[in-house]
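Q:
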Amino acid sequence: MSYFRSLSVRSVRALCLLLIVSFLPLSTATAGMVGTDQIIQLQTAEIERSQILDRLQADDAKQTLAALGVDAAELEQRVANMTAEELSAFNAQIDELPAGGIGVFALIVFVLLLMIVLDLLGTVDFFPAIKTIQY
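In terms of numbering that gives the first Met the number 0, the sequence shown has 130 at position 131, counting the first letter as 1, and numbering is strictly consecutive.
Spelled out as structure tokens, the structure:
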């Protein structure tokens, strides 16, 4: 009879140990391949982020931001939180914007052409060498 009692105690202990171990959360580590496109996308995002931050560190950008009342630290935090798609879209918009010299040059050409047309029509006499159109 003592044999059955010791067997019962052993089996109860084993059963309790099995239950405790089965209810413990076991975490398994999984490893996967990281594709080249994912690495390139991460590096591209970091490059674009650094380009934006470099542009914001320029003196004229700092002066403009200060005039608008924008906090530089908050702006840098927002750039750090941007996604890769937002970074690439923002950089594309910045690259498409004309520089200040191009806009001024276009304005000067427009004004000169307007003066020539007005001189040809006889409205004004800016250039004596241009003959008025007789109609």
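We treat Cβ as the ideally placed atom computed from N, Cα and C, and that holds for glycine.
1. May I have a chain-ordered list of the beta strand (DSSP E) segments no shorter than 3 residues that lie completely inside the region 44 to 88?
2. Taking a contact to mean a Cβ-Cβ separation below 8 Å, would you say residue 78 touches residue 51 in this structure?
3. If we count the other Cβ atoms within 10 Å of its Cβ and call it buried at 16 or more, is residue 86 buried or exposed?
4. Please determine, among 58, 82, 83, the residue with the shortest C-alpha to C-alpha distance to residue 71.
5. Would you report the Cα separation of residue 35 and residue 29, rounded to the nearest angstrom?
A: Considering the structure as presented:
1. none
2. yes
3. buried
4. Measuring from the Cα of residue 71, the nearest candidate turns out to be 58.
5. Rounded to the nearest angstrom, the two C-alpha atoms are 19 Å apart.
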